[in-house]
Each structure stands twice: as structure tokens, then as C-alpha cells.
Amino acid sequence: MDMNFMNEATEYLPATIPDVKHFELKVLEEKLEKLYVGLDTMKAHLFTYQNQCTIEETRNILNPDLANLIDEYESIQYKLLDILKLWQRKQALAILSEPLPCHLDEIQYIVEILMDRIEDIKLFIATLLSFEYEPKLENHSQRVQRLQHVLIVSSFIVEEQPPQVKKKLTKFSAKIRWLIANKLNIYSSKPKVVCAVLSEAQVKEIDLESLQIPVIHQGSMSGNECEMNYDNDSRRFSAEFANLTITNIDRSERRGSESVKDEKCALLFYTTVNVGYPIKCGALTLPMVVTVHDMQAPQAWATITWDNAFSSIKRVPFKVPDRVHISGILEMLSMNFAHTTGRPLSYENMEFLRKKLLGTDNGLVDEYVSYAQIARDKIPPEHKFTFWEWFYGVKKLTREYFKETWMSGHVVGFISKNEAKRILSLEENGTFLIRFSDSVIGGITVAYRDFYGQLKIISPWKWQDLQTRSLSDRIRDVDILSVVYPTRTPSVLAFCRSTHANRVTTRDGYDGTMELRVQITSQPANNFGQQIQQQISQTANSEHSLSSPNNNDFEILKEIMNEFLSSSSSEGYQSDPFL
């Protein structure tokens, strides 16, 4: 496979979204300074012409300069608003492991300067109009008023986004910020901000520059009103919602295979202020999916992750492409996995995922993957779960039970069974590797080379197993597992401490104490089985002196172990005795 495929850019790849650069804001600041100088020059000219020229001559001289000045102001403002849209796009990418967007204070600084300059221009036009009414000046005045309105409503933003997957009737938070700070004295009235939940169809109908209040909403909320406050020290004008709750939501009519987990909505925060005329401002959050049960979360996150990764900066809400090039898919998966677990995927990991998604080994990379292939279609040919359910389960297992081990590089992770066997066939006896099971959701398994050089695989451990006994403990329980691939670190060092609590409380309130420890030696198989039985008998005798269990229990256990030792899995799995 050509490694250059990861460098192929598409319109939707997160890597193609540049960061907000400090120097870009400095350029705007310098342009505004020149604008200020130009405005001062026009004021001086007005004073001169007023004494030396007629009103008509003054107007003819200043009108072209004024038009150029407004043009320059408009270009600066729209450049600033593009930077602000970029900042908001980076909020979405932060969910995929991108750093949180910065420079918002610097953006606000430019907004404040723009507010000052537009007020200066308005005052200058009003001065000219005071001499004599002139249609061109009136056109200039309306244009400037419109520019100021756009700046005011566009600088009303969601600074801290709410969770994008949220269960109904659970609390969450969000923060609104108005970048105009103390300009126009709006802060003194402490405007009240209201939050409402909107469907995708309603979001498409919203025009934030001419917002209609009251807003038609899709559901009901509590804790959805908050006053804005201005902080003199930080110059931040904001409202913090700490107890937002979606109490009810009206579901839209679904089409085809769509479910509630595919249904996107958004929160609208809005307020009304008076600056000599009423202004209605609103800010939309990133898309959300509202669930009613925790089991819906994985599929809901598939919807949100696809939207965050592949939406464009300027789009019709919430339009995303149905199909994306495999390079973009793999980058998204790696970023998302790194965000959750602390380490991105390796090239080998992504090569395995590429083959799993495309179902081909022919090395072609000019393929596209649809959302349905990721989140709706079952993984062919025999599994009963989707790719995303499997990927999400592995990610969750890694984060909760062996994140530190993954970050240390001791877990290979996404690799096929055949590739694991190929790698181990080249290693010394006792070498093992840890891979994610591709036959179950949220499973991890160990492949190893035993004392005879035979390649074996332990049946997958799931979260229930690792909650009972940690991955580190389970590795240490099998003496044959001596060196971990790919770090080639001795297991006594790589797994020297537990990665999760191991004590288990039984139903009668006692701590479980029984532990089976397996030592795989170079003895023949029949002696190995006798050794296991001897260890069970010793354990039974020691346990009998403590709690006097029924001897039949240990007879049953012996039968289970005998069956385990005599059986062989057709898939090469070795049963897990460490439960």
C-alpha cells in the first residue's frame, strides 16, 4: 500500500482546516490603524473644505473617499468574521483530538476596534448629513448601519459548547460570550439569554442576522435562562448556563433506516437588546443528538463524529457528505482514538482498518466509504454488529481498563490474527502481543509463542473480565508470557502493577479470594494437566480450611479444567481460565 495516501487532501479532511494565526489578527489590527488615520484625514479635510469650499464641492470631494473608506472597513470586518467562523469550526474538530481553539481574546480585541471605527464613520456621515441631505450619503449611512448590525449579531457566540451527545433529563452546561464587550453600553442592561432546542429542519430556517422571536422550538428545557454579566478585569461579557436540561423533545419523522440516534438537533441561545433600535441576537451550538438511554450513545457518537469531521465551514445545516475518501476516514478514526485513549493509531493499525472497511487486499486507495458502511451496515460476512459499534467498544475498553498500557506502546491493537501469527513466528519463544479482537465488541486478546514454538491465542477478554481482574494481572498470571511485542519489554516490567482494581465482592458481601494461576512449563502435555489438577487440589484444600466449601464444587471445577485441557478450538483460541 502506498503510504502517500495519507497525504491526499480532501475538502473535508480535518488537516486542511488551518488554525487561527496570531499574525493574521495583527494584520487586521494594522489595517484598522490605517483606517483610523484615513478617517482622521477626512475629518481634517472636512474642516478645511467647510471654510474654503461650497457644500456641494465638499460633498463631491469627500464622497469618493468616504466610499473607499467604507469598502476598506467592510473588507476588514468580513475577514475578521471569516476568522471567527474558522475558530468555531475548530471547536468541532476539538472533539476529534484537535486542540481547543485559542486567540478568542485577540479576536475580541479586533471586534472592539471595529466597533469604534464604525461608530466614527457613522458620526462622520451624520456630520455631513447635518449640512445638507444627499442621497449618496444616506446610502452610505444605511450601508454602515447594516455593517454594524452584522458585526453585533455575529460576535454573539457559543464559547463553551454543550455535550454533543446528551441523554434527556440530565444536566449539562454551556457558555455564551458577546465579543463586543462594553461597547454600546449593552452590558449595563444585563440582557437575559434564553436557550431553546431546535430540530434540523428548524435550524435550516433560522437566519441569525434577522432572527424572529419568539422562536419555534422542538422540545422543552429547564435551567434555560441566564443573565449576561461583564467582567471589567477580563473584559469578557458572558452568560454561563450551569443547569441546562432537555426535559422533552419532539421527534421528527424519520426516513428509511434512520433512527433517533441519527437525528441531529441544536440549541439556540438568543436575546434582545436596544441600541437605539432593537437587535435580536442568536447563537447556534454544534449539532447534538439527544438520547433516552445509554445504549444509544455509541450510534449517536457515530452521527456526531461524522458531522464534526466532514462538515465544511460554510454549509447548509447540518449537511455532510454521504461518502468520504478512505484517507479522510482513517485520519478521523486515528484522531478520535487518540482523543479518547491518548495515543493515535499506527500506520499498521490504519492499514488493518482500511482493509476491514474496504474488504480488499489489492492495495487500491482511491476508494470512498459511506456513512452507512461505518455506522449502519453489519461488518461482513459473519458479524452482527457495525464497524462503529466494534470500534467504539474497543476505544471504550482501552480508555477504561488499560489506557496507560496503550499509551506506553505495549498494545499492538488493530492487527489481524494472521498478521499477529506471522509476527510471532519470527520472534523468540515466550513473546506475545496484545491485539483487539475483531470477532466481539470490546474485546482484547493475547497471541503468544509457547515453549514449543507453537502459536496460540487466548480467547478475548471483555470489560466484565477486566473489571474482575486487570489486564496486567492476567498477563502476569501466565508465566509463558515473558516479552511483549512490539516494545520487546519483559512482561515483569511492562505489567508490573495492576491497571484496574481487582477485588470483587460476592453476593453475600464477602470479598472473593479464589485465584487460579497457570504455569506453562516444558513438561509433556499429560504432566501439564496433572500439574494443573494438583494446583487445583492444593487450592481446594487451603480454601476448605478457611470457608469449608462443598467438595462437589471442586469436583465440578476439576471436570471443567479437564475439559479445557482436552479441547482445542478450531479458531486457535485458548479458553481463558482467569475468571
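Residue 1168 in my numbering sits at position 579 of the sequence shown, with consecutive numbering throughout. For each residue, glycine too, the CB sits at the ideal point set by N, CA and C.
Counting along the chain, Trp1050 sits inside no alpha helix (DSSP H), nor does DSSP assign it H or E at all.
The three-state secondary structure of Glu816, taken from DSSP, is strand. Of the candidates Val879, Ile659, Lys984, Ser1080, the residue whose Cα lies closest to the Cα of Gln807 is Val879. The distance from the Cβ of Tyr1074 to that of Ile1012 is about 6 Å, consistent with a contact at the 8 Å cut-off.
A distance below 6 Å between beta-carbons, with the five flanking residues on each side excluded, links Ile1064 to the following residues of its chain, in chain order: Leu1070, Ser1080, Phe1084. Counting C-beta atoms within 10 angstroms of its own C-beta, Tyr936 has fewer than 16 neighbours from the protein chains shown and is therefore classed as exposed. The C-beta distance from Leu628 to Asp709 rounds to 5 Å, short enough to meet the 8 Å contact threshold. Sixteen is the threshold: since fewer than 16 other Cβ atoms of the shown chains lie within 10 Å of the Cβ of Cys691, the residue is exposed. Straight through space, the alpha carbons of Ile968 and Asp1027 are spaced by roughly 10 Å. By the criterion of a C-beta distance shorter than 6 Å, Met924 is surrounded in its chain by Leu685, Ser686, once the five residues flanking it on both sides are discounted. Cβ neighbours of His928 within its own chain (closer than 8 Å, five residues either side excluded): Ile684, Leu685, Ser686. Between Glu661 and Leu624, the CB-CB gap stays under 8 Å.
Around the beta carbon of Asp1054, 16 or more other beta carbons lie within 10 angstroms, which makes this residue buried.
Spatial neighbours of Leu689 in its own chain (CB-CB distance under 6 Å, excluding positions within 5 residues in sequence) are listed in chain order as Ala683. Taking Trp676 as the centre and dropping the five residues before and after it, the same chain places the C-beta of Val609, Pro690, His692, Leu693, Ile696 closer than 8 Å to its C-beta, in chain order. Three or more Cβ pairs closer than 8 Å define a contact, and the stretch 774 to 784 falls short of that threshold against the stretch 717 to 737. Partner residues in the beta bridge of Gly871, as assigned by DSSP, are Tyr859.
In the DSSP assignment, Met877 forms a beta bridge with Cys854. Taking 3 residues as the shortest admissible run, the stretch 961 to 1040 contains the following complete beta strand (DSSP E) segments, listed from N- to C-terminal end: 1020 to 1025, 1033 to 1038. For Pro867, same chain residues with a beta-carbon under 8 Å away, outside a window of 5 residues either side, are Thr861 in chain order.
Secondary structure note for Ser959: its beta strand (DSSP E) is the uninterrupted segment 957 to 959.
Taking a C-beta distance under 8 Å as the contact criterion, Leu740 and Ile707 qualify as a contact pair. Restricting attention to beta strand (DSSP E) runs no shorter than 3 residues, the stretch 694 to 725 encloses none.
In the DSSP annotation of this structure, the continuous segment of the alpha helix (DSSP H) that includes Asn897 starts and ends at 886 to 899. Cβ neighbours of Lys679 within its own chain (closer than 6 Å, five residues either side excluded): Pro690. Between the C-alpha atoms of Asn938 and Val1001 there is a straight-line separation of about 8 Å. Counting only the Cα atoms, Met884 lies some 18 Å from Arg988. Comparing alpha-carbon positions, the option among Leu621, Thr836, Arg1038 lying closest to Thr759 turns out to be Thr836.
Here the alpha carbon of Leu942 sits roughly 15 Å from the alpha carbon of Asp966. Where Thr1076 is concerned, there is no enclosing beta strand (DSSP E), because DSSP gives it neither an H nor an E.
Taking a 10 Å sphere around the C-beta of His882, we find fewer than 16 other C-beta atoms and assign the residue as exposed.
An exposed status is given to Ala715, since fewer than 16 other beta-carbon atoms sit within 10 Å of its beta-carbon. For His928, the enclosing alpha helix (DSSP H) has its first and last residue at 915 to 930.
The beta carbon of Glu798 lies closer than 7 Å to those of Val739, Val742 in the same chain, with the five residues before and after it left out. The residue from Glu723, Glu663, Ser744 with its alpha-carbon nearest to that of Glu701 is Ser744.
Classified as buried, Ile765 has 16 or more neighbouring CB atoms from the shown chains inside 10 Å of its CB.
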